[in-house]
Every structure is written in structure tokens, then in C-alpha cells.
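Numbering follows full-length UniProt numbering, in which position 110 of the sequence shown is assigned residue number 110; successive positions increment by one, without gaps. Backbone N, C-alpha and C define an ideal beta-carbon position, used for all residues, glycine too. Here's the structure, in C-alpha cells; my notes come after.
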Amino acid sequence: MSDTQIDARVVQARTVCQQAGVRFTPLREQVYRLILQTRAPIGAYELLAQLQAVTDKPVAPPTIYRSLDFLLAHGLIHQLSSTKAFFACCQPDGEHTAAFLICQQCGAVQEFSETSTDVPIDTLLRKVAAQADFAIKTRVIELSGLCAHCQR
């Protein structure tokens, strides 16, 4: 993602937070920017190391986890269940069911959602759950395989 794209996503995140009546603090912005800069999901301790490299203040793990919890709660990032790593949401301004294509070789992740496909993912999941009398609490779909680059 280019610097211009990252800046645009940060502006969008500020808007999301402003509309929710919460503060998008400088630390939360730094953590969000680091996540946006990565092509692959990033773990909390890797984020901690990167943050410590760009700041003159010591940063403790709970600080990172609080920022990550905030970003998750406001739909700005996702946590991948299979790796416990974090990835920027492609649609931070709205609720959606997302699915992730995760490359087993290079670790790249691509998110897609209902709005990027002709298939109503959420509708299908709700229908299957209703037929089984099942109450969905979270919806995380992770597909692993090889990206186009690694297939070459």
C-alpha cells in the first residue's frame, strides 16, 4: 500500500472513530499505520518491536494489546484465527462478513467481502445457521492455499 493510500485509510479511520465518539489517539494511529504497511498479517510482538523502533518511548505489550483491541472493536482491523495475527480491514466503514485468502508460502493475505463478490456470503451463512438453529457469534472465513505469485 502506498503512503497516499495509507494516509487515506488513516483519514477514514479518524472519521469512523469520530462518528463512534471515540478517540483515535496518536498511538492507535501509529499501530494502525504499521498494520497498513504490511502485506502479510502481523503479530502483536512484531508490532511491538516495530513500534519501539520508530518511537523514543518504551512500549509495553499491554499497550499494544489495548490498541489492537480498540482497532478490532471499531472494525479497522481483523484478527486471523489461524495465525493470531492482525490485518487491516478492507472496509472499515461498515459491518460486513469477510473472508481471507491466506498464502501458505509467502503469508500474503487478501480480504474479500460480500461487496467484492456476486455471492452473498452473509446471507448464505445466516441461512445455514438458521437451518441448524445456530446463533452465530463471530464470522471468520479463512481459506489457505497459494497466491498467484507463489504458484508461478
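If you draw a straight line from the Cα of ARG152 to the Cα of CYS103, it is about 13 angstroms long.
Taking ARG139 as reference, the option from PHE24, ALA13, LEU80, TYR65 with the minimal CA-CA separation is LEU80. Where HIS78 is concerned, the enclosing beta strand (DSSP E) starts and stops at 77-79. In this structure GLN50 is buried. Its beta-carbon is surrounded by 16 or more other beta-carbon atoms within 10 angstroms. The three-state secondary structure of CYS147, taken from DSSP, is coil. Around PHE70, the same chain offers ARG28 as residues with beta carbons nearer than 7 angstroms, after the five sequence neighbours per side are excluded. Counting only residues of its own chain and dropping the five nearest sequence neighbours on each side, SER82 has a CB closer than 6 angstroms to the CB of GLU142. Rounded to whole angstroms, ARG23 and CYS17 show a C-alpha spacing of 6 angstroms.
For the pair of segments examined, the segment 44-59 was found not to touch the segment 4-14: the number of CB pairs separated by less than 8 angstroms stays below three.
LEU101 has its alpha-carbon roughly 25 angstroms from the corresponding atom of TYR65. DSSP, read as helix, strand or coil, puts GLN110 in strand. A direct Cα-Cα distance of roughly 8 angstroms separates ARG126 from ILE136.
Distance from PHE86 to PRO41 at the Cβ level is roughly 6 angstroms; contact confirmed, criterion being Cβ atoms closer than 8 angstroms. Annotation: the continuous beta strand (DSSP E) that includes ILE102 extends over 98-103.
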